[in-house]
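Trainee: The opening residue of the sequence shown carries number 1 in the numbering used here; numbering runs sequentially from there.
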Amino acid sequence: MWQTNKESIVGSCKVARLGLLLLGLLASTGCEKVVNLDLKTSTAQLVIEGNLVDDNKPCQVSVSRSANYTDTNTFAAVSGATLTLADNAGGLETLRETAPGQYLGASLRGVPGRTYTLRVETGGAAYVATSRLPAPVVPFEKLSTQLSVLGTDNIQAVVDYTDPAGKGNSYLFRQYRNGKLNNAIFAQNDEFTDGNHISQVLRTRSSTSTDPNGLDKLVRGDSLRVEMQNIDPGVYEYFRTLTLILTAGGAPTTTPANPKSNFSGGALGYFSAHSRRVLTIKVP
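1) Consult DSSP for Val201 and reduce its assignment to one of helix, strand or coil.
2) Go through its chain and collect everything with a Cβ distance to Thr98's Cβ below 6 Å, but skip five positions before and after it.
3) Measure the beta-carbon distance from Asp216 to Asn182 and round it to whole angstroms, keeping in mind my assumption that it falls under 8 Å.
4) At which residues does the beta strand (DSSP E) containing Arg96 begin and terminate?
5) Of all the options Thr122, Leu46, Leu133, which has the alpha carbon lying nearest to the alpha carbon of Val235?
6) Measuring CA to CA, which of Asp54, Leu46, Arg277 is closest to Gln175?
7) Cα separation between Asn154 and Glu141?
8) Using a Cβ distance threshold of 8 Å, determine whether the segment 153-167 contacts the segment 184-197, with at least three qualifying pairs required.
9) Just to check my reading of the structure: Ser66 and Gly101 have Cβ atoms closer than 8 Å, yes? What is that Cβ distance to the nearest angstrom?
10) Cutting at 6 Å between CB atoms, please list the residues of its own chain near Arg348, excluding the five before and the five after it.
11) Quick one: using the 10 Å Cβ neighbour count with 16 as the cut-off for buried, is Ser107 buried or exposed?
12) Indicate whether Ser131 and Ala267 have their beta-carbon atoms separated by less than 7 Å.
13) Identify the continuous alpha helix (DSSP H) that holds Ala248 and give its terminal residues.
14) Quick check: what's the CA-CA separation for Val128 versus Ile185?
15) Shortest alpha-carbon distance to Tyr116 belongs to which of Phe263, Thr280, Leu147, Val283?
16) Would you mind sorting Leu242 into buried or exposed? The rule is 16 or more other CB atoms within 10 Å of its CB.
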């Protein structure tokens, strides 16, 4: 499912404008910041954004709280929370707060095949999420481009990889044009492609994007970078339900009111332990 993240539904029949700076890469740490929900009409909710990557860097987590709004959409950083990260190999650490609402791990690293549990305690409540870093890591075989098959002159990225036999593999792709992130969601699983070689076009919802930055309008000479993540099924489910919400665009549907978080306790957001493989080309 390929979807541009512009708007979402938050709360029962309440349409909220999503900032959704989804997965904005924090280059200095190798981690990512996810799910900045700009809520106008929903009640306050905790938003947890956690990522652990197999890049030999520590886990990074953002904790904030949404609020009721009138004219201004902001998020309050949650300071003083207690965060612990554990793995199924006996590792355990407490994350330290490096800036208001920003928490960083120390010694634990992302290892394919290991399962990680992130626990966040704040305001007298605990929120827990578990994520398994998939193994084996599926190689990112090729990055290329093609002209849109819709008869336009749009240039689209094409990713190639081979899905291992056995269902349950899930993927997330992030596309950058000249170093700037395209906030479209490119999530895929192997429900219908198990064990196949995949050549997938990263196409947004429409061939006539209204992205003011033109990040999905590739032209010759652009630097095109694509990041391939192997994600676990719970994280894929988050992006699947998020895409349903974005596609609904506020219309009355049977879609969920919020993306399906893998945190217990009612927090928004997710915790993802995943691999990252990157390819970069110059658009021919």
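Glycine included, each C-beta is placed from N, C-alpha and C at the ideal position.
Mentor: With the given structure in hand:
1) strand
2) Leu104
3) Indeed they touch by this definition, with Cβ atoms about 5 Å apart.
4) 96-99
5) By alpha-carbon distance to Val235, the top candidate from Thr122, Leu46, Leu133 is Leu133.
6) Arg277
7) 23 Å
8) yes
9) Taking 8 Å as the upper bound for CB-CB distance, Ser66 and Gly101 are not in contact here, some 12 Å apart.
10) Any answer about residue 348 is impossible in this case: the structure gives the chain only from 1 up to 284.
11) exposed
12) no
13) 233-248
14) In a straight line, the C-alpha of Val128 is about 25 Å away from that of Ile185.
15) Phe263
16) buried
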